[in-house]
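**Q**
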Amino acid sequence: MDPSILASVLDGILRAGLASRYAIGGAVAAIHYMEPFLTYDVDVFLDLPESPAGLVDLGPLYAHLQARGYRPQGETVMIDGIPVQFLPVHEDLLREAVREAREVGGGDKGEGQAPGLRIMRAEHLLAVMLRTGRPQDRVRFQKMLTEATPDRALLKGILERHGLRDTYLDWGGPPL
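Numbering that gives the first Met the number 0 puts the first residue of the sequence shown at 0, with every later residue one more than the last.
1. Check whether the stretch 23-36 touches the stretch 63-76, counting contact only when three or more Cβ pairs, one atom from each stretch, lie closer than 8 Å.
2. Are Leu144 and Ala126 touching if we call contact CB-CB under 9 Å?
3. Applying the criterion that 16 or more other CB atoms from any shown protein chain within 10 Å of the CB defines a buried residue, is Ala100 buried or exposed?
4. Is Arg117 closer than 9 Å to Leu178 when the C-beta atoms are compared?
5. When the distance is taken between beta carbons, is Met119 closer than 9 Å to Val138?
6. Excluding the 5 residues preceding and the 5 following Leu13 in the sequence, name in chain order all residues of the same chain whose CB lies nearer than 6 Å to its CB.
7. Looking only at its chain, what residues have a beta carbon closer than 6 Å to the beta carbon of Arg20, apart from the 5 residues adjacent to it on each side?
8. Tell whether a beta-carbon distance below 9 Å holds between Trp104 and Pro35.
9. Using a Cβ-Cβ cutoff of less than 7 Å, which residues in the same chain neighbour Gly179 once the five nearest sequence positions on both sides are dropped?
10. Please classify His89 as buried or exposed, where buried requires at least 16 other C-beta atoms within 10 Å of its C-beta.
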């Protein structure tokens with residue numbers, strides 16, 4: 000996939016007011032910080048508007064994407080031949096990770112330049128792995144600790160704010 004295509008699609012979602020912000024997470028974001036490995040799709044976390052009852056309606060997002068020729072396939076949407084999974088931000092850790100994501104790539108912000116892509120910070124990715132707790136997350140967690148060289152003070156604060164310090168130690172994280 001040409002990253003500028005995904006960046007343009009995501010920028011269009013923001014400009015249409017369908018989400019206030021986004022960040023790429025999961026394996027694709029992890030690959031930004033460490034040695035590449037195989038992954039199936041791109042996980043895009045979106046801060047979407049909620050109804051007064053706290054519900055999120057993905058209908059407007061999917062209608063927007065379909066109007067631009069992007070079709071759903073299972074739990075993903077095919078964009079430039081790559082499955083992209085759109086995931087609503089549903090808890091404080093993800094909300095923080097999306098808010099503090101870093102922009103990578105893109106042009107000089109001049110007229111006609113493609114925007115960069117917002118990628119979750121390595122420290123937030125580690126915390127999300129701990130929260131998710133899947134077997135593949137344990138393997139990536141150890142790899143990322145050594146390959147990404149996360150900011151230890153930032154990681155400690157994230158873990159403490161989100162009640163993940165004990166899980167971090169249980170998974171073999173070095174003392175912070």
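Even glycine gets a Cβ: it sits at the ideal position worked out from N, Cα and C. For clarity, every value in this text was computed on a predicted model and none was experimentally measured.
**A** Per the coordinate set shown:
1. With the rule of 3 Cβ pairs closer than 8 Å, the stretch 23-36 does not count as touching the stretch 63-76.
2. Their beta carbons are not under 9 Å apart, which means Leu144 does not touch Ala126 by this criterion.
3. buried
4. The requested residue 178 is not part of the displayed model; the chain covers only 0 to 175.
5. no
6. none
7. Counting only Cβ-Cβ distances below 6 Å, and skipping sequence neighbours, we find Asp46, Val97.
8. According to the sequence provided, residue 104 is Gly. The question's Trp does not apply to it. No, the Cβ-Cβ distance between Gly104 and Pro35 is not below 9 Å.
9. A question about residue 179 goes unanswered here, because the residues of the chain that appear run from 0 up to 175.
10. exposed
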